[in-house]
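Step one of this worksheet: look at the structure below.
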Amino acid sequence: MPDEKKTKKEEIPRSVDPASLEVLAECTDLQPIGTSWDRLKKQHPQCGFGLKGLCCRHCSMGPCRVDASKEKLKYGVCGVDSDTVAARHFVRMIAAGAAAHSDHGRGVAETFLAAAKGEAKDYKIKDQQKLYGLAMDFGVEIGDRAVEDIAIEVGEKSLGIFGEQHGPIPFLKRAPLKRQALWKEHNMEPRGVDREIVECMHRTHMGVDQDPENLMMQGNRAALADGWGGSMLATELQDIMFGTPQPILGECNLGVLKDDEVNVVIHGHEPTLSEMVMVVCQSPEMIAKAKAVGAKGINLGGLCCSANEILMRHGVANIGNFLQQELALATGAVDVMTVDVQCIMSSLAQIASCFHTKFITTNYRAKIKGAQHIQFEEHDAENIARQIVQMGIDNYKNRGVTKIPKAKCNMIAGFSHETINYLLGGVYRSSYKPLNENIINGRIRGIAGVVGCNNPKVTHDKDHIALVKELIANNVIVLQTGCSALACAKEGLMLPEAASQFAGPGLAEVCETVGIPPVLHMGSCVDNSRILMAASAVVKEGGLGDDICDLPAVGAAPEWMSEKAISIGQYFVASGVYTLLGTTFPTLGAEGFTDFLFNKHEKLTGGMWGFEPDPMVMARKMIEAMDGKRRALGLDKGKERVLFDMAMRRELDAG
Amino acid sequence: MSKIIASAGIRGAHKIYARVEKKYQELLEKHGPDQEVAFPNTGYYLPIIYGILGVKIEKLADMKQVFARATSLIPPPVKEKNHLPYLAPALDAGMATFFLQEMEEAMKYIENPDIYQLGEDVTDENLWLGAADDVIMRKRGVEFVDGTAPGFAAILGAPPTTEIAVKIALELQEKNLYVFMVADTNGRYMPDQLKEAGVQIGWPTRLVPFGKTVSAAVFAAGFATRAAMSFGGIEPGDFRKILIYNKDRIFAFGMTFGEVTDEWYANGLACVNYGFPIIADTPIPEVLPTGICTYEHVVANIPYDKMVSKAIEVRGLKVNIAKVPVPVSYGPAFEGERVRGDAIYVEAGGPKADTVVEWVTSKAMDEVEDGKIEVVGPELDELEVGTRMGMAIVVEVAGRNMQDDFEPILERQIHHLVNYAKGLMHIGQRDIAWYRFSKDAFDKGFRFKHLGSILHAKYHQEFGGICDKVQVRIYTDQDKVKPILEQARAVYHVRDERVEGMSDEEEPIYYSCTLCQSFAPSHVCVVTPERTGLCGAYSWLDCKAAFEISPTGPNQPIEKGKVIDEFRGQWEGTNKFVNQASRGAVEFYNAYSIMDNPMTSCGCFEAISALAPSCNGIMTVDRDYNGMTPCGMKFTTLAGSVGGGAVTPGFVGHSKTYVNSKKFIRAEGGVKRVVWMPKRLKEELREKFNLRAAEAGMPDLLDRIADETIGTTEEEILPFLTEKEHPALSMDSIM
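Given below as structure tokens:
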């Protein structure tokens, strides 16, 4: 990398979040490992071929650097060109992301089935209605069967989705009819989740599929198996077991850690253990134990998406997003941190060892050298949770000096697509109609899904916040999940008061009417499936076209870093949504393939990718895209008020 | 500011809950859980609770579950800072408010059965009418069905002055809307204001005082809820459909005057669930974004002279106002107004004055001068106050599509067309017409010639397809009335013979009638010469004329096609039509049978016939009779079980006059099967019925038929039928 670029990277502030900056200023001695920012600096210059998606190490003839613009590097040893290298790499990212979400889903399905069979006594069916809905999706008979029987069959069918060989996966039926037909036409319907991921790996093996567009057909299919398969299944089963989220007040940022209480921190992505930890933390028995060691109580907090899960359902405090995981430990206030899967930095065990913190891995899939491992077993969930909390209580006395920053912020979370349906009309008139109507009448310009991770290559949280603020100022309602949601929550954008403070007048008026923030927290990163459902609900409500790609709706992940973000983005693109990444894009060195993703893909699915590192420009691109969709729907012109006479009433559809 | 409204409404709902729950405990203690509770004469229990929750409240004990539901619906108060979303919980609190208030009003009937005046009219002692019974609901509901009333205004409180109150009421009447009045503003009641100004109030003039407290708003919503069930055919408990039906088809809105209390807000939120927006005169917060209602939800601070037009715009209602060049207000709302005693300026016809005759006749185009109105004899201002007189009204119509058959149709319109004029009362038709002209109308400038203006204008507006030219002569010169009368009577005779002579067999074309699909979307009538539409309003000739006037309208010709079963009345063409119109639900039907695949029924029928098995016959009851009948159900309960577009063997809805048709349940033996009818219906049908009975060889049949004075159960009437040797008893088994 040229020197001037390197200098520029170093100059950017590490975060816009005052709590994080406060901890970063204090924690200069996490030697030798440091923070992600420190390590990124040491990694410079990063591999230029890798950055652009042009490095292939799929066989031992390589690694090959393939770059069409350099005569010498035009082809890899096997003869592969840059577009195929980038496409193979991109499809493997999708496969990895889809695998992560889907293996999460599989884990949930296994717990669900065990619970249904009575083999995991600590888990219950909390949302029966949703179970019945799922049973209907799966063609499981309801009749007057016992709930457990239905649940067992639903659980078995759920697990079946992973190994299914012929498909298509049942949730595709939830999409608008036109979308279903399009997937069928392009042979894009996923068969089984595992099969699509395996096929991705096969096709990207040395010497198999070497047509970038054909590779992306499989990429799309695997991504759909994630969004409408593994992820959606995870969300559905979690809701059935732990309750479908409803609006709830919570708080977030490092300031939620407490000096005078035992701080138990959960981190990762699955709610199965964190739900139990929460139950245990609230039990009078454990609180008494905490008091016995001199603490005022037990303070449970979370990081990343395990935290989002229990925030959405119970309002449990959220300590922060991806880049704050090391900072949480660096406060010295965490008595025990337990992690499950995904987005857990390798550094945590070492950083924990700089303090008194007990650091525990709990999933056999995700062990970390230096961590203590306590295997989580669903049939003994509560006991294992109690063991972990007990370790925190026992460890409280070992605490040294703590440096907990003050900054924290209230937020309203819990916007499942079901609850949005309720919120727009109450028990008796629930529907998406008010949302549709206010999109049609222009008070709301469009819908943006802003999701994704943090990445130390850009100032922590800055792009999320700048983008979302610009969108809501332009009357775009924003749906969020994951770390992006937490960035905006910390900024106060998930409070109802944010509507009058930051939103444009039309959006603010609608928010005020319903009593919602202009930015809605829809959950963890598997819960992006909720956004798919919300988009489908908007289409079905009518007046905004008959497919997801007709909606004035755009997706973005401005600070993305993980392969899951690519899989999510791809299932949105495959579902008809224009989706932009910030920070970087992993195929930029392959012009032909990038052009396919950024342009030609729209002809295929109505959705395409985009890349824009500047959040303000990204907002502009998103709004322009929404305006384009509005024009296509004829919404750019004002609608006349229709007054009804009797003849018009007679013509209304019956029922 | 929706937040202020939601917060207030939720507070209001909490207060209402506490109040009603306290009353409930009090009554439970006093009367016990088995105490019966009901609104008068309704088959819909407490209609909001029945419609929305599907729960039948018959005893005090039944209310318990509704309190539980209300508890789950009313949310905690809205927090000042960082509040949770409030719109949905506030709408829920609104519905809970209606449930609670409906129980409260029902409990008032237990405590004081006379709290509200029964029937359609107020009295000097009691201005408040309370719950509309099913007779009123059906009668008035039909006006919603046929479009003469597009909706209603539910008014909370009273305008600041009598003058404004009168003006707003009149303006709403002129827009054909019903006006439902509840509650007071600083002790001021709108019905008092109207009464003070001499405005007639009650159902007939569409100015309906429901109750003194805001809780009486449930009577308006109860009316709307019943309309959805009885005309829309929506099942009780199917709350979403009931509410959407109201949003799309009942053009109602709320209007508030003065301070809006927490409890009023709670009621307003309930209205929004029904799609009824609120228009306020005071500067309360507004809710403008659309979604639950068709357009805005709450619009405030509207000046009095704009309130009605604003309400109509916000509700999304197009009112086709009849522009008639007369100096008085004009519209269906004035049809029920009475002119009595001192208010009468001149009276024509009726028992105390000479005959009035009305005659419509068709002429060649060049014989009619359009718009010519002649008063032959003295004008109104040439007559003494209190004059009683005879009169002849001759309307001459010319049109390319005019036929002799349409004359009686146009003629029959005179009754309601002239009655729509405020200050004018009209009863009867043909040679038994009866007019009263009020002093008030006279003072405003109304003259006889305006009768002509009305008929000229309205015939063109409503019957433009058949009337190209209309001229009217009004004879007030007493000597000239008699010759006209004789001429007209001769024509009536010819017409009657013609109608009498028409038969289903001879006519190849029948007509569909889907007029009521604005309210009863799943029903379709097939009208034949010998079977009128079941609402009683549309005969075959009416349909034929309506098709001429509006070729794409609700009356379409049906070729009856091949006869499948002449005796039972089944034709290939009508089968095909009904099959299609019902989307395959009804494959065929027999027009003349009650037992064997009878015709479907909507909710608007005038009368119902039902099997009376022990008497081996049928009973027939009309909707004006609200007592018990031998089949164990009142009309309204029967209507509920027969309506909704289903084929129900043993039950059939029909018009009253169909009883006198030769084809009336011919498959089962016709009029000889009738074992019971309400006394009043017997008298109404007597003349023609006797003809049918004579044809059947039993001229005194009507007197062998039981009525409510004999009994209201089959057991009670059987001895009477046996004694009178009623023919049904010796006929083949009807089953």
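As you go down the protein sequences, you meet chains A and B in turn.
Mapped onto the numbering used here, the consecutive letters of the first sequence carry residue numbers 1 to 655.
Mapped onto the numbering used here, the consecutive letters of the second sequence carry residue numbers 656 to 1390.
Using N, Cα and C, we set each Cβ at its ideal position, and we do this for glycine too.
Note that this is a predicted model, so its numbers are computed, not measured.
In the displayed model, R174/A falls within a helix according to three-state DSSP. Taking the Cα of E1350/B as reference, the smallest distance to any Cα among L1336/B, S1316/B, K678/B, P1333/B is reached at S1316/B. Shown here for K867/B: same chain residues with a beta carbon closer than 8 Å to its own, the five before and five after excluded, namely W783, V837, A838, D839, Y844 in chain order. Judged by DSSP in its simplified three-state form, Y1280/B adopts coil rather than helix or strand. For F894/B, the chain A residues whose Cβ falls inside 7 Å of its Cβ are Y428, in order along the chain. Residue-level contact by beta carbon fails for Y672/B and chain A, as no gap is shorter than 7 Å. Listed as beta-bridge partners of Q1225/B by DSSP are D1220/B. Counting C-beta pairs with one atom in each stretch, the region 550-568 of chain A and the region 436-449 of chain A have three or more that are closer than 8 Å, which means they touch. Under the three-state reduction of DSSP output, A503/A falls in the coil class, being neither helix nor strand. Residue pairing by DSSP puts E1214/B in a beta bridge opposite I1164/B. Excluding residues up to 5 positions away in sequence, L257, N263, T402, I404 lie with their Cβ nearer than 6 Å to the Cβ of A333/A in the same chain. Considering only beta carbons, the part of the region 971-982 of chain B lying closer than 9 Å to chain A consists of G971, L972, K973, V974, N975, in chain order. Between A535/A and P518/A, the C-beta gap is not smaller than 7 Å, which leaves the two residues out of contact.
Under the three-state reduction of DSSP output, W1331/B falls in the strand class.
I94/A sits away from A175/A, with the two beta carbons spaced by 7 Å or more.
The beta carbon of L742/B falls within 7 Å of a beta carbon belonging to chain A, placing the residue at that interface.
Apart from the 5 residues on each side of it in sequence, L1140/B sits with its Cβ closer than 7 Å to the Cβ of T1010, V1012, A1047, D1086 in its chain, given in chain order.
For A804/B, there is no enclosing beta strand (DSSP E), as DSSP marks it with neither H nor E.
DSSP, read as helix, strand or coil, puts Y1000/B in strand.
Not a single CB atom of chain A sits nearer than 7 Å to the CB of L1196/B. For W1089/B, the enclosing beta strand (DSSP E) covers residues 1089-1093. For M750/B, the closest Cβ of chain A is nearer than 7 Å.
For G909/B, DSSP records a beta bridge to A809/B, I933/B.
Counting only the Cα atoms, G589/A lies some 15 Å from K72/A. V1030/B is positioned such that its CB atom lies closer than 7 Å to that of F1103/B.
Taking N928/B as reference, the option from A820/B, G749/B, M910/B with the minimal CA-CA separation is G749/B. When C-beta atoms of the region 669-677 of chain B are compared with those of the region 753-765 of chain B, three or more pairs fall below 8 Å, so the two segments count as touching. Between A1348/B and L1336/B, the C-beta gap is not smaller than 7 Å, which leaves the two residues out of contact. Measuring C-alpha to C-alpha distances from G1228/B to each of A1076/B, F1243/B, I889/B identifies F1243/B as the nearest. In this structure, the CA atom of G1045/B is about 8 Å from the CA atom of D1132/B.
As DSSP reads the structure, L1079/B sits in a beta bridge with F1092/B.
With at least 16 other beta carbons inside 10 angstroms of its own, Q480/A counts as buried. By the rule that beta-carbons nearer than 7 Å mark a contact, L746/B touches chain A. Cβ atoms of L423/A and L898/B stay farther apart than 8 Å, at about 17 Å. For F502/A, the closest Cβ of chain B is not nearer than 7 Å. Against chain A, the CB of S727/B has no partner CB under 7 Å away; the residue lies outside that interface.
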